[in-house]
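Novice: At position 44 of the sequence shown the residue is numbered 44 (my numbering), and the sequence of numbers has no breaks. Take a look at this one; I'll ask things after.
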Amino acid sequence: MNDFQYITPSELIEYLFCPRYVYYMNVIKVEQHEHRRALVNKGRDIHKLKIIQNKDYLRKKAGAIDKLIDVYLTSEKLKLVGKVDEVLFLDDGTAAPLDYKYAFWENKIFKTHIYQQTLYALLISENFNIPVNKAFIVYTRSNNHLEEITITDNMKNKAIILVDEIFKIINLEYYPKGSNSKVKCSDCTYRNICVA
């Protein structure tokens, strides 16, 4: 039996894409080899560049009065660790995560990104003892288009339930039902070993 202590908000994205990601990565420990994927590498390069380029830039239109960049946060209570691109401190006394996505704005925010930002919100709230009611995503491939997400208590509760579901797969070492989407399967790093 595995005795994992922490997961990351990125692992929640993978779980929402397909629960079997959690099984392959954390139970039988098959690497994804993400470093071989060009888009993943480009996204990582963009993150590094934004940290340098935006060091002194404050998003005043979003209400930011201060910020921290590339912040590593942990929560023993939530069993989470994660690195937030930016923690914005807002003029209303709250804070918000800001995340850069190497993606195009497609007129909707994907559920995976919403719950990733919700986990970052929970981490920020606990670590800084400050309310977090919103998050921001910057779509770098759409001229740095900025989108705001309202983070509700219901979303926070649902995110915690999803984290518990991930730990259930890891600690009980069970093989979960996979995605019903053949499109997802065709772009999956585990497609060659996954049993449908």
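All C-beta atoms in this analysis are idealised placements derived from N, C-alpha and C, irrespective of residue type, glycine included.
Does DSSP put K67 in a helix, in a strand, or in coil?
Specialist: Here residue 67 is taken as the residue at index 67 of the sequence shown, counted from 1. Three-state DSSP puts K67 in a strand.
Novice: Check A135 in the structure and name its three-state DSSP category.
Specialist: If you number the sequence shown from 1, residue 135 lands on position 135. Note: A135 maps to strand in three-state DSSP.
Novice: For C185, I'd like the list of residues in its chain whose CB is within less than 6 Å of its CB, leaving aside the five on either flank, ordered along the chain.
Specialist: Your numbering for residue 185 matches position 185 in the sequence shown. The residues are R191.
Novice: Does DSSP classify D164 as helix, strand or coil?
Specialist: Indexing the sequence shown from 1 puts residue 164 at position 164. Helix.
Novice: What is the DSSP secondary structure of V183, counted as helix, strand or coil?
Specialist: Position 183 of the sequence shown holds residue 183. Helix.
Novice: Rank N144, N143 and I114 by C-alpha distance to the C-alpha of K134 and give the top, closest one.
Specialist: Counting from 1 along the sequence shown, the entry for residue 134 is found at position 134. Per the Cα distances, I114.
Novice: Would you kindly report the start and end of the unbroken beta strand (DSSP E) that includes F89?
Specialist: Residue 89 sits at position 89 when you count from the first residue of the sequence shown. Unbroken beta strand (DSSP E) run through F89: L80 to L90.
Novice: Roughly how many angstroms lie between the CA atoms of P176 and Y23, to the nearest whole one?
Specialist: Start at 1 with the first residue of the sequence shown, and residue 176 comes out as number 176. Start at 1 with the first residue of the sequence shown, and residue 23 comes out as number 23. Roughly 7 Å separates the two Cα atoms.
Novice: With respect to the alpha helix (DSSP H) encompassing E126, which residues constitute its N-terminal and C-terminal limits?
Specialist: Here residue 126 refers to the residue found at position 126 when the sequence shown is read from its first residue. Taken as a continuous stretch (DSSP letters only), the alpha helix (DSSP H) holding E126 covers K111 to F128.
Novice: In the DSSP output, what is P97 paired with across the bridge?
Specialist: Your numbering for residue 97 matches position 97 in the sequence shown. P97 has V87 as its beta-bridge partners, per DSSP.
Novice: Compare the beta carbon distance of Q116 and S10 with 8 Å and say whether it is the shorter of the two.
Specialist: Here residue 116 is taken as the residue at index 116 of the sequence shown, counted from 1. Here residue 10 is taken as the residue at index 10 of the sequence shown, counted from 1. By the CB criterion at 8 Å, Q116 and S10 fall inside the cutoff.
Novice: Name, in chain order, the residues that DSSP records as bridge partners for I28.
Specialist: Stepping through the sequence shown from its first residue, residue 28 is reached at position 28. According to DSSP, I28 bridges with nothing at all.
Novice: Going along the chain, which residues of its own chain have a beta-carbon closer than 7 Å to the beta-carbon of K67, five neighbours each way excluded?
Specialist: Position 67 of the sequence shown, counting from 1, holds the residue named residue 67. Beyond the five residues adjoining it in sequence on each side, K67 comes within less than 7 Å, by CB distance, of L58, E86, V87, L88 and F89 in the same chain, given in chain order.
Novice: In whole angstroms, what separates the C-alpha of E106 from that of T150?
Specialist: Within the sequence shown, residue 106 is the residue found at index 106, counting from 1. Within the sequence shown, residue 150 is the residue found at index 150, counting from 1. Rounded to the nearest angstrom, the two C-alpha atoms are 18 Å apart.
Novice: Alpha carbon to alpha carbon, what distance is there between E148 and Y6?
Specialist: Residue numbering aside, residue 6 sits at position 6 when the sequence shown is read from its first letter. Residue numbering aside, residue 148 sits at position 148 when the sequence shown is read from its first letter. If I take the Cα positions, the gap works out to 27 Å.
Novice: Whose C-alpha, out of F17, N127, I137 and D99, is nearest the C-alpha of K77?
Specialist: Taking the sequence shown and counting its residues from 1, the one referred to as residue 77 is at position 77. Considering only alpha carbons, the answer is N127.
Novice: Quick check on K61: buried or exposed, where buried means 16 or more other Cβ atoms within 10 Å of its Cβ?
Specialist: Residue numbering aside, residue 61 sits at position 61 when the sequence shown is read from its first letter. That one is exposed.
Novice: Return the chain-ordered list of same chain residues with a C-beta closer than 6 Å to the C-beta of M155, the five sequence neighbours on each side being excluded.
Specialist: Along the sequence shown, one-based indexing puts residue 155 at 155. Result list for M155: T118, in chain order.
Novice: Suppose you measure from the CA of A159 to the CA of Y174; what does that come to, to the nearest Å?
Specialist: Taking the sequence shown and counting its residues from 1, one reaches residue 159 at position 159. Taking the sequence shown and counting its residues from 1, one reaches residue 174 at position 174. Using only the alpha carbons, I get a separation of about 21 Å.
Novice: Who are the near neighbours of T74 in its chain, counting only those whose CB is closer than 6 Å to its CB and skipping five residues on each side?
Specialist: On the sequence shown, residue 74 is found 74 positions in, with the first residue counted as 1. Closer than 6 Å at the Cβ level, and outside the excluded window around T74, lie V81.
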